[in-house]
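S.K.: The working numbering numbers the first residue of the sequence shown as 1 and each following residue consecutively.
Glycine included, C-beta positions come from ideal geometry on N, C-alpha and C.
Dumping the structure here so I can ask a few things about it.
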Amino acid sequence: MSAVFDQPSVRHRLVPMLVGFDGPLAFAVFLLACAGLLTMYSSGYDSGTRFPDHTRNMVLAGVIMFVVAQVPPQRLMRFAVPLYTVGVMLLIAVAIFGITKKGARRWINVGVVIQPSEILKIAMPLMLAWWFQKREGQMRPLDFVVAGGLLLLPVGLIVKQPDLGTAILVMVAGLSVIFFAGLSWKLILPPVVLGIIGAVLIVSFEGQLCADGVRWPVLHDYQQQRICTLLDPSRDPLGKGFHTIQGMIAIGSGGFLGKGFMKGTQTHLEFIPERTTDFIFAAFSEEFGLLGNLCLIAGFIFLVLRGLAIALEASSVFSRLLAGAITMIFFTYAFVNMGMVSGILPVVGVPLPFISYGGTAMVTLGMGLGILMSIAKSRRLMQT
Numbered sequence: 001m002s003a004v005f006d007q008p009s010v011r012h013r014l015v016p017m018l019v020g021f022d023g024p025l026a027f028a029v030f031l032l033a034c035a036g037l038l039t040m041y042s043s044g045y046d047s048g049t050r051f052p053d054h055t056r057n058m059v060l061a062g063v064i065m066f067v068v069a070q071v072p073p074q075r076l077m078r079f080a081v082p083l084y085t086v087g088v089m090l091l092i093a094v095a096i097f098g099i100t101k102k103g104a105r106r107w108i109n110v111g112v113v114i115q116p117s118e119i120l121k122i123a124m125p126l127m128l129a130w131w132f133q134k135r136e137g138q139m140r141p142l143d144f145v146v147a148g149g150l151l152l153l154p155v156g157l158i159v160k161q162p163d164l165g166t167a168i169l170v171m172v173a174g175l176s177v178i179f180f181a182g183l184s185w186k187l188i189l190p191p192v193v194l195g196i197i198g199a200v201l202i203v204s205f206e207g208q209l210c211a212d213g214v215r216w217p218v219l220h221d222y223q224q225q226r227i228c229t230l231l232d233p234s235r236d237p238l239g240k241g242f243h244t245i246q247g248m249i250a251i252g253s254g255g256f257l258g259k260g261f262m263k264g265t266q267t268h269l270e271f272i273p274e275r276t277t278d279f280i281f282a283a284f285s286e287e288f289g290l291l292g293n294l295c296l297i298a299g300f301i302f303l304v305l306r307g308l309a310i311a312l313e314a315s316s317v318f319s320r321l322l323a324g325a326i327t328m329i330f331f332t333y334a335f336v337n338m339g340m341v342s343g344i345l346p347v348v349g350v351p352l353p354f355i356s357y358g359g360t361a362m363v364t365l366g367m368g369l370g371i372l373m374s375i376a377k378s379r380r381l382m383q384t
């Protein structure tokens, strides 16, 4: 009988799991999640089950974060090669006999329909962090070449689907690991300079490059049209430029303080397309204005800075590189989404973290946060 009474309570079992959790990071995520729930209720309360589904997805992401946070970084490292290998094999399978929707072949049926490219958002930084951890103290230029090959293989397969938004996120995750591993600035500057020169030339010769009948090599037609629409949305205001124009109108109409919660006319009269997914930032801006935007951006900046601080304090090369890459994924999510809605970047399918509707993206965010929590927790437990 005494053995029964000696069993630890639920509280005593849960407390060790919570010890070491990063409070500032959790607080930033909590505030962003609250902003997401408010915005989703306002923009999606009349869109079927969007709000309850979004709430369910957030709870699921929280559970995933909690579970992943219990896994030490050393054990996470064991999943790097298997997860990357499975992800690449699934991408190859998608290219051969994947499911095509709206002209894109991104899904595959493995009993359930999944989008394998989402796996690489986590598998890519895991794999490259593992690669550089194995070469700690004996780094050679060839190691960076191999890392580049490991990155380009899945990115090329994702671009071929085509899925430019996910390709950008996977590319940023991989390049972040390579950069934090010690890639020389001499190798980074030339492509950056070429990119700036290319952007300036495209803007300067927009009239000729975007003329009817002109086709750009490498890019798909819809990708070319998105860039041309970015340069001049008025070319097709009721067609390809409609998303960008309506997004900018909604942002501008919010003014400094916004129109108020549930009072966004552009949102509720359905002028904003995809108002619960890719363009939810426009709905948020209309109702909460410039002040709300500044608070939201401050929340994301704090999240990114906290993630980078966790990376700096990490106890191993693997943890440092992985935390830095995961943090840059969050930055890219927010920067690209806000940029495309504001009309400064082409429209690509990148959601706004914790704000946009989307189950798969929320699961990925939960895993990323769990990894950051795991790294922070491991460091703190070592210091006690």
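Can you check which of these residues, Tyr222, Gly324, Leu90, is closest to Ala311 by C-alpha distance?
M.R.: Gly324
S.K.: Name the residue from Ile168, Ser43, Leu238, Leu305 whose alpha carbon lies nearest to the alpha carbon of His268.
M.R.: Ser43
S.K.: List the endpoints of the continuous beta strand (DSSP E) containing Thr100.
M.R.: 99-101
S.K.: Around the C-beta of Gln161, are 16 or more other C-beta atoms found within 10 angstroms, so that it is buried, or is it exposed?
M.R.: buried
S.K.: Smallest Cα separation from Ala211: which of Val193, Ala199, Glu287, Asp236?
M.R.: Nearest of Val193, Ala199, Glu287, Asp236 to Ala211, Cα basis: Asp236.
S.K.: Starting from the C-beta of Ser253, find all residues in its chain whose C-beta is less than 8 Å away, skip the five residues before and the five after it, and write them out in chain order.
M.R.: Lys259, Thr265, Gln266, Glu286
S.K.: Under the assumption that Met338 contacts Phe302 (Cβ atoms under 8 Å), give the Cβ distance between them as a whole number of angstroms.
M.R.: That pair is no contact at about 16 Å.
S.K.: Return helix, strand or coil for Ile108, following the three-state DSSP convention.
M.R.: Note: Ile108 maps to strand in three-state DSSP.
S.K.: Considering only residues of the same chain and omitting the five flanking positions on each side of Asn293, which have a CB-CB separation below 7 Å?
M.R.: Ser285
S.K.: Nearest to Pro346 by alpha carbon, out of Pro233, Leu290, Ser378, Gly370?
M.R.: That would be Pro233, whose Cα lies nearest to the Cα of Pro346.
S.K.: Pull up the distance between the alpha-carbon of Met89 and that of Ile96, whole angstroms please.
M.R.: Straight-line Cα distance between these residues: approximately 11 Å.
S.K.: Once you ignore the five residues that flank Val363 on each side, which residues in its own chain have a CB closer than 7 Å to its CB?
M.R.: Leu60, Ala61, Ile64
S.K.: Can you round the beta-carbon distance between Ile202 and Leu209 to whole angstroms, since I take them to be within the 8 Å contact cut?
M.R.: 6 Å
S.K.: What's the gap between the Cα of Gly358 and the Cα of Gln138?
M.R.: If you draw a straight line from the Cα of Gly358 to the Cα of Gln138, it is about 42 Å long.
S.K.: Only counting the same chain, and skipping five residues up and downstream in sequence, which positions put a Cβ closer than 8 Å to that of Asp53?
M.R.: Tyr357, Gly359
S.K.: When the Cα atoms are used, what is the spatial distance from Pro351 to Arg379?
M.R.: Those two C-alpha atoms are separated by around 31 Å.
S.K.: Could you spell out the range, first to last residue, of the alpha helix (DSSP H) harbouring His54?
M.R.: 50-69
S.K.: For a test of the three-state rule: what should DSSP assign to Ile114, helix, strand or coil?
M.R.: strand
S.K.: What does the alpha-carbon distance come out to for the pair Pro24 and Trp216?
M.R.: 47 Å
S.K.: Given Ala334, which residues of its chain have a CB within under 7 Å of its CB, disregarding the five upstream and five downstream residues?
M.R.: Phe300, Leu352, Pro353
S.K.: Please report how far the alpha carbon of Met1 lies from the alpha carbon of Leu308, in whole angstroms.
M.R.: Bear in mind that the predicted position of Met1 carries a pLDDT of just 46, short of 50, making it too unreliable to give a figure here.
S.K.: Am I right that Ala173 and Met127 are in contact with their C-beta atoms under 8 Å? What's the rounded C-beta distance?
M.R.: About 10 Å; that fails the 8 Å criterion.
S.K.: Would you call Lys101 buried or exposed, if buried means 16 or more other Cβ atoms sit within 10 Å of its Cβ?
M.R.: exposed
S.K.: Roughly how many whole angstroms lie between the Cα atoms of Phe5 and Ile108?
M.R.: Residue placement at Phe5 cannot be trusted, given a pLDDT of 48 that sits under 50; the coordinates are not used to answer.
S.K.: In the structure shown, what three-state DSSP assignment does Lys186 receive?
M.R.: In the three-state reduction of the DSSP assignment, Lys186 falls in the helix class.
S.K.: Could you say which of Phe205, Thr166, Ala104, Thr244 lies nearest to Phe387 if we only look at CA atoms?
M.R.: Nothing in the structure corresponds to residue 387, since the chain is present only between 1 and 384.
S.K.: Thinking C-beta only, is Gly247 closer than 7 Å to Thr229?
M.R.: no
S.K.: Can you check the region 137-219 for any beta strand (DSSP E) of at least 3 residues that lies completely inside it and give the ranges in chain order?
M.R.: none
S.K.: I'd like to know whether the C-beta atoms of Leu164 and Val336 end up nearer to each other than 7 Å.
M.R.: The beta carbons of Leu164 and Val336 sit no closer together than 7 Å.
S.K.: Is the Cβ-Cβ distance between Met367 and Val68 less than 7 Å?
M.R.: yes
S.K.: DSSP state of Gly264, grouped into three classes?
M.R.: coil
S.K.: Can you tell me whether Ala314 is helix, strand or coil according to DSSP?
M.R.: The answer is coil: DSSP assigns Ala314 none of H, G, I, E or B.
S.K.: Assign Val347 to one of three DSSP states: helix, strand, or coil.
M.R.: coil
S.K.: Less than 7 Å between the C-beta atoms of Asp22 and Ala376, yes or no?
M.R.: yes
S.K.: Tell me whether Leu60, by its Cβ, gets closer than 6 Å to a heavy atom of the ligand PLP.
M.R.: Questions concerning the ligand PLP fall outside what the structure shown contains, since it holds no ligand whatsoever.
S.K.: In the region 224-272, which residue ranges form an unbroken alpha helix (DSSP H) of at least 4 residues, counting only runs that do not cross its ends?
M.R.: The region 224-272 contains, as complete alpha helix (DSSP H) runs of 4+ residues, the segments 242-253, 265-268 (chain order).
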